[in-house]
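Undergrad: Residue numbers (this note's numbering): 1 to 227. Provided herewith is a single structure, encoded as structure tokens, for subsequent inquiry.
Written out as structure tokens, the structure is:
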């Protein structure tokens, strides 16, 4: 049986779990390698504390919105069942896992997230392939994934976007593109040096006669102060 794939995201009252900030929303989607979403888990959570204004500006969730919603203890079992034994993709996993684990500690649960599932940090994967623009928004732009329908961050909508990003991120096409991006940074601007080393083949690629002529013409041009 193939391992299930789940993308997970949380929204919180603030950035610092060590300062007592807590989860206000959890969103998960189970998806196939084709990108098809086959199941969803979405839950608002009463954090039992005030939400920072900075956090509200990001996700738009206020304390008034969360009145009457369950506390984390009441939804933990359903969440753990949803992600159990799955490969769980999280963007900047340390952040979300630290909040989830702190909630489990608070309710004296014996398991931690890494006991329940295999966590894959998509941010780390992205950093291995690309040098910059590795936020979720940046990767959506890179892979031409439309996220114009999202006006603010939300756990479920971000999990859905993350599932699509992850499929692109692990594709062979992206690996080749990342390799090309790295090589372009190494190659001289005009690609006209007399010998360019191909690091993958371990061979010396000689410049052609036409490349040498073009290079000489360019050198003549920049050597003429009237140009």
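Every residue gets a Cβ at the ideal spot worked out from N, C-alpha and C, and that includes glycine.
Between the C-alpha atoms of residue 166 and residue 19, what's the straight-line distance to the nearest angstrom?
TA: 31 Å
Undergrad: DSSP on residue 201, reduced to helix/strand/coil?
TA: Only weak support exists for where residue 201 lies, its pLDDT of 40 falling under 50; the coordinates are left without a value.
Undergrad: Measure the Cβ-Cβ separation of residue 11 and residue 138 and say whether it is below 8 Å.
TA: no
Undergrad: For residue 171, count neighbouring Cβ atoms within 10 angstroms of its own Cβ and tell me buried if that reaches 16, exposed if not.
TA: exposed
Undergrad: What residues in its chain sit with their C-beta under 7 Å from that of residue 55, if we drop five residues either side in the sequence?
TA: Closer than 7 Å at the Cβ level, and outside the excluded window around residue 55, lie 12, 13 and 14.
Undergrad: Which parts of the segment 45-120 are runs of the beta strand (DSSP E), unbroken and 3 residues or longer, counting only runs that do not cross its ends?
TA: Given a length threshold of 3 residues, each whole run of the beta strand (DSSP E) inside the segment 45-120 is given here in chain order: 87-90.
Undergrad: Over what stretch of residues does the alpha helix (DSSP H) that includes residue 138 continue unbroken?
TA: 136-142
Undergrad: Given residue 48, which residues of its chain have a CB within under 8 Å of its CB, disregarding the five upstream and five downstream residues?
TA: 22 and 71
Undergrad: Tell me, please, whether the segment 57-73 touches the segment 29-46 by the rule of three or more beta-carbon pairs shorter than 8 Å.
TA: yes
Undergrad: So, with DSSP's three-state summary, where would you put residue 225?
TA: Only weak support exists for where residue 225 lies, its pLDDT of 41 falling under 50; the value from the coordinates is given anyway. Residue 225: coil per DSSP, three-state reduction.
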